[in-house]
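Here the structure comes first, spelled out in C-alpha cells, and everything after it is commentary.
Given below as C-alpha cells:
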C-alpha cells in the first residue's frame, strides 16, 4: 500500500472514530460500560492494527487480524442498531433522534474502511505476499 493509500485509510479512520465517539456518548447509561465500551475498544484496536500493518514487512497475519477486527466492529454496531441504541440522546431514548440516519452514517464509514482493507488484501495477494 502506498503512502497516499495509507493517508486515505488514516483519514477515513479518523472520520469514523470521531463520529463513533459522538454516537457512543449518547448510548443508554446502562450500556456506557458494556457494549459502548466494547465498541470503542474494538475501534481503537482497528487503529492499532492499521498502524501495525503499515509498519510490518510481513503483513499476512496482521492484515488478517485487521480484517477480522473490522468485522467484529461492524457486527457490534449492527447489534447496537438492533437494540435501538442509536435512538438515544444523552443516555435517554429520544423520539426526535433519527436512529437509522445515525446508523447509516457510521455504517457508510465502516464500509469505506472495509473496502480499503479489502483492496489492501487484494494488492498483497497480487504481489504474492498473501
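Residue numbers (my numbering): 2 to 131. C-beta: ideal position from N, C-alpha, C; glycine also.
Nonlocal neighbours in the same chain, by C-beta distance under 8 Å from residue 36, ignoring five residues either side: The residue you call residue 36 lines up with position 35 of the chain shown. Answer for residue 36: 28, 77, 80, 81, 84 and 86, listed in chain order.
Comparing alpha-carbon positions, which option in 25, 30 and 71 lies nearest residue 50? As a first step, residue 50 is located in the chain shown; it is residue number 49 there, counting from the start. When only C-alpha atoms are compared, the closest one is 71.
Within this structure, are the beta carbons of residue 17 and residue 114 separated by less than 8 Å? Against the chain shown, residue 17 aligns to sequence position 16. Against the chain shown, residue 114 aligns to sequence position 113. Contact: yes.
So, helix, strand or coil for residue 13, using DSSP? Taking the chain shown and counting its residues from 1, the one referred to as residue 13 is at position 12. Note: residue 13 maps to helix in three-state DSSP.
Who are the near neighbours of residue 58 in its chain, counting only those whose CB is closer than 7 Å to its CB and skipping five residues on each side? Along the chain shown, one-based indexing puts residue 58 at 57. Here the set comprises nothing.
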